[in-house]
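Colleague: Our numbering applies: residue 1 is where the sequence shown begins, and numbers increase by one. Cβ atoms here follow ideal geometry from the backbone N, Cα and C, with glycine treated the same way. None of the values given here were measured: they were computed from a predicted structure. To start, I am sharing the structure in question, which I have written as C-alpha coordinates.
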Amino acid sequence: MSRRPPAARPRSPWTSVTALVTTFVLGFAAAFVAVSWASGPDATQRRIAELQDEEARRDVEQVGALIELARGGRDRLAPVLEAMARAVPLDDGARPTAPTLDEVRGWREVVSAEVERYAETPSAGNGVNVARTGMRTAVQQLAAAVDGFAAAVTAAPPPAGDLLSLAGAQRTLALRTWSVAALQLDVISVDAGKGHVHVYLPSGPDAGTIPADTAPEGSG
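Take a look at the structure:
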(Lines of atoms letter the chains of each structure in order from A and count residues from 1; the text may use other names and numbers.)
(Lines give C-alpha, C1' and ligand atoms only; values in the text may rest on other atoms or scores of the structure.)
Protein backbone atom coordinates (compact mmCIF):
# COMPACT_ATOMS: atom_id res chain seq x y z
CA MET A 1 0.00 0.00 0.00
CA SER A 2 1.61 3.31 -1.14
CA ARG A 3 2.04 6.14 1.33
CA ARG A 4 0.94 9.64 0.44
CA PRO A 5 3.65 12.33 0.70
CA PRO A 6 3.12 14.69 3.59
CA ALA A 7 1.33 17.88 2.68
CA ALA A 8 3.50 21.04 2.44
CA ARG A 9 3.21 23.24 5.49
CA PRO A 10 1.82 26.64 4.72
CA ARG A 11 4.51 29.42 4.82
CA SER A 12 4.10 31.80 7.71
CA PRO A 13 3.73 35.47 6.74
CA TRP A 14 6.28 36.32 9.43
CA THR A 15 8.86 34.28 7.55
CA SER A 16 8.46 36.56 4.52
CA VAL A 17 8.62 39.68 6.68
CA THR A 18 11.75 38.45 8.42
CA ALA A 19 13.43 37.70 5.11
CA LEU A 20 12.51 41.17 3.82
CA VAL A 21 13.84 42.87 6.93
CA THR A 22 17.03 40.84 6.80
CA THR A 23 17.57 41.78 3.16
CA PHE A 24 16.96 45.47 3.94
CA VAL A 25 19.35 45.46 6.88
CA LEU A 26 22.07 43.75 4.88
CA GLY A 27 21.61 46.23 2.04
CA PHE A 28 21.73 49.19 4.41
CA ALA A 29 24.86 47.83 6.06
CA ALA A 30 26.54 47.39 2.69
CA ALA A 31 25.61 50.95 1.68
CA PHE A 32 26.89 52.31 5.00
CA VAL A 33 30.20 50.53 4.56
CA ALA A 34 30.51 51.91 1.03
CA VAL A 35 29.76 55.47 2.14
CA SER A 36 32.08 55.16 5.13
CA TRP A 37 34.82 53.94 2.82
CA ALA A 38 34.35 56.96 0.58
CA SER A 39 33.95 59.54 3.36
CA GLY A 40 35.84 57.97 6.22
CA PRO A 41 39.04 59.12 7.94
CA ASP A 42 40.83 59.91 4.68
CA ALA A 43 38.03 62.21 3.49
CA THR A 44 37.85 63.86 6.92
CA GLN A 45 41.57 64.50 6.90
CA ARG A 46 41.36 65.94 3.39
CA ARG A 47 38.61 68.32 4.51
CA ILE A 48 40.61 69.37 7.55
CA ALA A 49 43.62 70.06 5.32
CA GLU A 50 41.45 72.11 2.96
CA LEU A 51 40.14 74.23 5.85
CA GLN A 52 43.65 74.73 7.17
CA ASP A 53 44.84 75.85 3.73
CA GLU A 54 41.93 78.31 3.47
CA GLU A 55 42.74 79.71 6.90
CA ALA A 56 46.43 80.05 6.02
CA ARG A 57 45.63 81.92 2.80
CA ARG A 58 43.21 84.19 4.68
CA ASP A 59 45.84 84.97 7.29
CA VAL A 60 48.45 85.83 4.66
CA GLU A 61 46.00 88.33 3.15
CA GLN A 62 45.18 89.76 6.59
CA VAL A 63 48.86 90.11 7.45
CA GLY A 64 49.41 92.09 4.27
CA ALA A 65 46.44 94.36 4.98
CA LEU A 66 47.58 94.96 8.56
CA ILE A 67 51.10 95.81 7.41
CA GLU A 68 49.74 98.47 5.09
CA LEU A 69 47.47 99.84 7.82
CA ALA A 70 50.33 99.96 10.32
CA ARG A 71 52.72 101.63 7.88
CA GLY A 72 50.14 104.26 7.05
CA GLY A 73 49.41 104.79 10.74
CA ARG A 74 53.10 105.20 11.54
CA ASP A 75 53.44 107.89 8.86
CA ARG A 76 50.26 109.70 9.91
CA LEU A 77 51.02 109.58 13.63
CA ALA A 78 54.72 110.48 13.46
CA PRO A 79 54.18 114.29 13.26
CA VAL A 80 51.73 114.13 16.17
CA LEU A 81 54.16 112.11 18.30
CA GLU A 82 57.01 114.46 17.49
CA ALA A 83 54.88 117.40 18.63
CA MET A 84 53.87 115.52 21.79
CA ALA A 85 57.57 114.86 22.46
CA ARG A 86 58.21 118.60 22.36
CA ALA A 87 55.37 119.15 24.84
CA VAL A 88 56.43 116.32 27.17
CA PRO A 89 59.90 115.13 26.15
CA LEU A 90 60.73 111.44 26.28
CA ASP A 91 64.28 112.50 27.15
CA ASP A 92 64.36 113.83 30.69
CA GLY A 93 67.05 116.28 29.74
CA ALA A 94 64.96 118.05 27.08
CA ARG A 95 63.00 121.20 27.83
CA PRO A 96 59.20 120.94 27.38
CA THR A 97 57.23 123.33 25.20
CA ALA A 98 53.53 123.49 26.02
CA PRO A 99 51.28 123.05 22.96
CA THR A 100 48.50 125.42 22.00
CA LEU A 101 44.86 124.40 22.02
CA ASP A 102 44.78 124.59 18.21
CA GLU A 103 47.72 122.19 18.02
CA VAL A 104 45.98 119.72 20.30
CA ARG A 105 42.82 119.94 18.21
CA GLY A 106 44.89 119.02 15.17
CA TRP A 107 46.30 116.01 17.03
CA ARG A 108 42.81 114.93 17.95
CA GLU A 109 41.71 114.99 14.31
CA VAL A 110 44.60 112.76 13.22
CA VAL A 111 44.35 110.32 16.13
CA SER A 112 40.55 110.02 15.97
CA ALA A 113 40.79 109.09 12.30
CA GLU A 114 43.34 106.43 13.18
CA VAL A 115 41.06 104.99 15.86
CA GLU A 116 38.32 104.69 13.23
CA ARG A 117 40.61 102.74 10.94
CA TYR A 118 40.86 100.01 13.57
CA ALA A 119 37.14 99.92 14.31
CA GLU A 120 36.54 96.79 12.21
CA THR A 121 38.06 93.42 13.05
CA PRO A 122 38.16 91.09 10.02
CA SER A 123 38.16 87.37 10.72
CA ALA A 124 41.73 86.15 11.15
CA GLY A 125 43.93 83.81 13.14
CA ASN A 126 45.18 84.48 16.65
CA GLY A 127 48.51 85.89 15.53
CA VAL A 128 46.90 88.56 13.37
CA ASN A 129 44.27 89.31 16.00
CA VAL A 130 46.92 89.90 18.67
CA ALA A 131 48.83 92.37 16.49
CA ARG A 132 45.70 94.21 15.38
CA THR A 133 44.31 94.43 18.92
CA GLY A 134 47.62 95.77 20.21
CA MET A 135 47.69 98.51 17.61
CA ARG A 136 44.04 99.36 18.20
CA THR A 137 44.73 99.66 21.93
CA ALA A 138 47.76 101.85 21.26
CA VAL A 139 45.83 104.38 19.16
CA GLN A 140 43.04 104.40 21.73
CA GLN A 141 45.64 105.24 24.38
CA LEU A 142 46.93 108.02 22.16
CA ALA A 143 43.40 109.36 21.90
CA ALA A 144 43.23 109.39 25.71
CA ALA A 145 46.58 111.21 25.79
CA VAL A 146 45.23 113.86 23.42
CA ASP A 147 42.30 114.41 25.77
CA GLY A 148 44.81 114.84 28.57
CA PHE A 149 46.78 117.40 26.61
CA ALA A 150 43.56 119.29 25.87
CA ALA A 151 42.70 119.35 29.58
CA ALA A 152 46.21 120.55 30.41
CA VAL A 153 46.28 123.49 28.00
CA THR A 154 42.87 124.73 29.18
CA ALA A 155 43.63 124.35 32.91
CA ALA A 156 45.19 126.97 35.16
CA PRO A 157 48.42 126.26 37.02
CA PRO A 158 49.39 124.35 39.06
CA PRO A 159 47.03 121.55 37.92
CA ALA A 160 48.00 122.26 34.30
CA GLY A 161 51.51 120.93 34.86
CA ASP A 162 50.26 117.74 36.50
CA LEU A 163 47.78 117.15 33.70
CA LEU A 164 50.52 117.65 31.14
CA SER A 165 52.66 115.04 32.88
CA LEU A 166 49.77 112.58 32.98
CA ALA A 167 49.10 113.12 29.27
CA GLY A 168 52.75 112.45 28.53
CA ALA A 169 52.66 109.26 30.57
CA GLN A 170 49.61 108.07 28.61
CA ARG A 171 51.45 108.84 25.37
CA THR A 172 54.41 106.75 26.53
CA LEU A 173 52.15 103.79 27.38
CA ALA A 174 50.69 104.03 23.89
CA LEU A 175 54.19 103.86 22.39
CA ARG A 176 55.04 100.79 24.46
CA THR A 177 51.81 99.06 23.52
CA TRP A 178 52.38 99.76 19.83
CA SER A 179 55.93 98.39 20.05
CA VAL A 180 54.62 95.07 21.37
CA ALA A 181 52.11 94.90 18.51
CA ALA A 182 54.82 95.85 16.01
CA LEU A 183 56.97 92.98 17.24
CA GLN A 184 54.04 90.59 16.83
CA LEU A 185 53.44 91.90 13.31
CA ASP A 186 57.10 91.35 12.49
CA VAL A 187 56.84 87.71 13.63
CA ILE A 188 53.66 86.88 11.71
CA SER A 189 54.96 88.70 8.62
CA VAL A 190 57.96 86.38 8.54
CA ASP A 191 55.69 83.37 9.08
CA ALA A 192 53.50 84.53 6.20
CA GLY A 193 56.49 84.65 3.86
CA LYS A 194 56.58 88.46 3.67
CA GLY A 195 59.84 88.89 5.55
CA HIS A 196 60.64 91.26 8.39
CA VAL A 197 58.57 94.40 8.68
CA HIS A 198 59.40 97.21 11.10
CA VAL A 199 56.50 99.57 11.75
CA TYR A 200 57.60 101.03 15.08
CA LEU A 201 56.50 104.52 16.07
CA PRO A 202 59.16 107.14 16.78
CA SER A 203 59.94 106.99 20.48
CA GLY A 204 63.64 107.17 21.36
CA PRO A 205 65.74 105.09 23.75
CA ASP A 206 64.18 106.44 26.96
CA ALA A 207 60.57 105.47 26.21
CA GLY A 208 60.85 101.85 27.34
CA THR A 209 59.59 100.53 24.03
CA ILE A 210 60.70 97.31 22.33
CA PRO A 211 63.27 98.21 19.66
CA ALA A 212 63.18 96.84 16.15
CA ASP A 213 65.54 93.97 15.41
CA THR A 214 68.53 94.39 13.14
CA ALA A 215 67.21 92.15 10.33
CA PRO A 216 66.83 94.01 7.03
CA GLU A 217 63.30 94.90 6.02
CA GLY A 218 61.82 92.13 3.87
CA SER A 219 64.46 89.55 4.82
CA GLY A 220 63.64 86.23 6.45
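Is it buried or exposed for residue 209, if we count other Cβ within 10 angstroms and need 16 for buried?
Modeller: Residue 209 sits at position 209 when you count from the first residue of the sequence shown. Residue 209 comes out buried.
Colleague: Using only alpha-carbon positions, find the residue among 145, 77, 102, 151 that is nearest to residue 117.
Modeller: Within the sequence shown, residue 117 is the residue found at index 117, counting from 1. Closest option to residue 117, Cα to Cα, is 77.
Colleague: Measuring alpha carbon to alpha carbon, tell me which of 72, 203, 155 ends up nearest residue 86.
Modeller: By 1-based counting over the sequence shown, the position of residue 86 is 86. The residue with the shortest Cα to Cα distance from residue 86 is 203.
Colleague: Under DSSP, the alpha helix (DSSP H) around residue 176 begins and ends at which residues?
Modeller: Counted from its first residue, the sequence shown places residue 176 at position 176. First-last of the alpha helix (DSSP H) with residue 176: 159-191.
Colleague: Could you tell me if residue 93 is buried or exposed, where buried requires 16 or more neighbouring beta carbons within 10 angstroms of its beta carbon?
Modeller: In the sequence shown, residue 93 corresponds to position 93, counting from 1. Exposed is the call here.
Colleague: From 44, 59, 80, 69, pick the residue whose C-alpha is nearest to that of residue 175; which is it?
Modeller: Working through the sequence shown from its first residue, we reach residue 175 at position 175. Cα-wise, what sits closest to residue 175 is 80.
Colleague: To the nearest angstrom, how far is the alpha carbon of residue 70 from that of residue 187?
Modeller: Taking the sequence shown and counting its residues from 1, the one referred to as residue 70 is at position 70. Taking the sequence shown and counting its residues from 1, the one referred to as residue 187 is at position 187. Looking at the two C-alpha atoms, the distance is approximately 14 Å.
Colleague: If we count Cβ pairs, one from each stretch, closer than 8 Å, do we get three or more for the stretch 122-131 versus the stretch 57-70?
Modeller: At 8 Å Cβ cutoff, the stretches touch.
Colleague: When the distance is taken between beta carbons, is residue 152 closer than 8 Å to residue 167?
Modeller: Residue 167 sits at position 167 when you count from the first residue of the sequence shown. Residue 152 sits at position 152 when you count from the first residue of the sequence shown. Yes. Within cutoff.
Colleague: In the DSSP assignment, find the alpha helix (DSSP H) that holds residue 134 and state where it starts and stops.
Modeller: In the sequence shown, the residue the question calls residue 134 occupies position 134. 126-154 is the extent of the alpha helix (DSSP H) around residue 134.
Colleague: Quick check on DSSP: helix, strand or coil for residue 210?
Modeller: Mapped onto the sequence shown, residue 210 falls at position 210. Note: residue 210 maps to coil in three-state DSSP.
Colleague: Under 7 Å Cβ to Cβ from residue 170, same chain only, skipping five residues before and after it: list those, please.
Modeller: Your numbering for residue 170 matches position 170 in the sequence shown. So the list reads 141, 144, 145, 148, once near-sequence residues are dropped.
Colleague: Within 10 angstroms of the Cβ of residue 114, are there 16 or more other Cβ atoms? Answer buried if so, exposed if not.
Modeller: Here residue 114 corresponds to residue number 114 of the sequence shown, with the count starting at 1. With 16 or more Cβ atoms within 10 Å of its Cβ, residue 114 is classed as buried.
Colleague: From residue 90 to residue 45, what does the alpha carbon distance come to, in whole angstroms?
Modeller: As a position in the sequence shown, residue 90 is number 90, starting the count at 1. As a position in the sequence shown, residue 45 is number 45, starting the count at 1. So the alpha carbons of these two residues sit roughly 54 Å apart.
Colleague: Just the Cα atoms here: how many angstroms apart are residue 182 and residue 127?
Modeller: Looking up residue 182 in the sequence shown gives position 182. Looking up residue 127 in the sequence shown gives position 127. About 12 Å.
Colleague: Helix, strand or coil for residue 66? Go by DSSP, reduced to three states.
Modeller: Walking along the sequence shown from the start, residue 66 turns up at place 66. Looking at residue 66 - three-state DSSP - the assignment turns out to be helix.
Colleague: Between residue 137 and residue 95, what straight-line distance do the alpha-carbon atoms span, to the nearest angstrom?
Modeller: On the sequence shown, position 137 is the one that residue 137 refers to. On the sequence shown, position 95 is the one that residue 95 refers to. So the two alpha carbons sit approximately 29 Å from each other.
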